[in-house]
Amino acid sequence: MSDTNKFRSLRLARAWSQEQLAELSGMSVRTVQRIENGDQPSLETLSALAAVFEVSVAHLSGPNALGDDALDQKIAEAKSKIAEEGRFYRSVITAIVVCALLLVLNHFTAPASVWSLWVAGIWCALLVISGMRTFVFRGLISRWQWKRLRQMLRR
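Sequential numbering of the sequence shown, starting at 0, is according to numbering that gives the first Met the number 0.
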């Protein structure tokens, strides 16, 4: 199967129009038409199509393309980072909602005591640590993990 037919067959297997594929991948309809007519897509376009079709870049570009595994790995790493950031933001939203509810509960049950601020403070400290791990120390932790993996594989 040629690359031209591969893109078209993947699109038709999902019963998508060229317009739908263009919208899902963030490309213009004209770009989709050019690719299906045999123009060579850029690596960025290939990665967008691979994400939409849920296949690897190597699957779309064929066996002779170089660097596709690295691009697939970068895409997987980016998805992992986005998922980690999403978990962090969900934790922040959960903390805000729960702490607000505890503050209201504290106000009505024991207004002289501010025990809910202790809970909010501890939760906030944990979120700061989690945020630093997610955004600041991500590269450092990743490098340490690779170094440790190489050490363990040498044994």
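For each residue, glycine too, the CB sits at the ideal point set by N, CA and C.
Measure the CB-CB distance between serine 115 and leucine 101 and report whether it falls below 7 Å. Along the sequence shown, read from residue 1 onward, the residue named residue 115 stands at position 116. Along the sequence shown, read from residue 1 onward, the residue named residue 101 stands at position 102. Yes, the pair counts as a contact, with Cβ atoms nearer than the cut-off.
N- and C-terminal bounds of the alpha helix (DSSP H) containing arginine 13: In the sequence shown, the residue the question calls residue 13 occupies position 14. Careful: arginine 13 lies outside any alpha helix (DSSP H) and carries neither H nor E.
Beta carbon of valine 56 nearer than 7 Å to that of alanine 47: The sequence position of residue 56 within the sequence shown is 57, counting from 1. The sequence position of residue 47 within the sequence shown is 48, counting from 1. No, these two residues do not count as a Cβ contact at 7 Å.
For the stretch 67 to 86 against the stretch 24 to 41, are there 3 or more C-beta pairs whose distance is under 8 Å? Under the three-pair Cβ rule at 8 Å, the stretch 67 to 86 does not count as touching the stretch 24 to 41.
By Cβ distance below 7 Å, which residues in the same chain neighbour glutamate 18 in space, the five residues on each side in sequence not counted? By one-based count along the sequence shown, residue 18 stands at place 19. Val28.
Verify whether the separation of the beta carbon atoms of alanine 94 and leucine 126 is less than 7 Å. If you number the sequence shown from 1, residue 94 lands on position 95. If you number the sequence shown from 1, residue 126 lands on position 127. Yes, these two residues count as a Cβ contact at 7 Å.
Can you tell me whether alanine 119 is buried or exposed, with buried defined as 16 or more other CB within 10 angstroms of its CB? Taking the first residue of the sequence shown as position 1, residue 119 is located at position 120. Buried.
Could you spell out the range, first to last residue, of the alpha helix (DSSP H) harbouring serine 115? By one-based count along the sequence shown, residue 115 stands at place 116. Residues 114 to 130.
To the nearest angstrom, report how far apart alanine 64 and lysine 5 are at their CA atoms. Locating residue 64 in the sequence shown gives position 65, counting from the first residue. Locating residue 5 in the sequence shown gives position 6, counting from the first residue. Here alanine 64 scores only 49 on pLDDT, less than 50, and its place in the model should not be relied on; the value that follows carries that caveat. So the two alpha carbons sit approximately 15 Å from each other.
Using only the alpha-carbon positions, how far apart do asparagine 155 and cysteine 123 sit? There is simply no residue 155 to check, as the chain begins at 0 and stops at 154 in what is shown.
Within 10 angstroms of the Cβ of arginine 10, are there 16 or more other Cβ atoms? Answer buried if so, exposed if not. Locating residue 10 in the sequence shown gives position 11, where the first residue counts as 1. With 16 or more Cβ atoms within 10 Å of its Cβ, arginine 10 is classed as buried.
Since glutamine 144 is in the alpha helix (DSSP H), which residue starts that stretch and which ends it? For the purposes of this step, residue 144 is taken as residue 145 along the sequence shown, with counting starting at 1. Here the alpha helix (DSSP H) through glutamine 144 covers 137 to 153.
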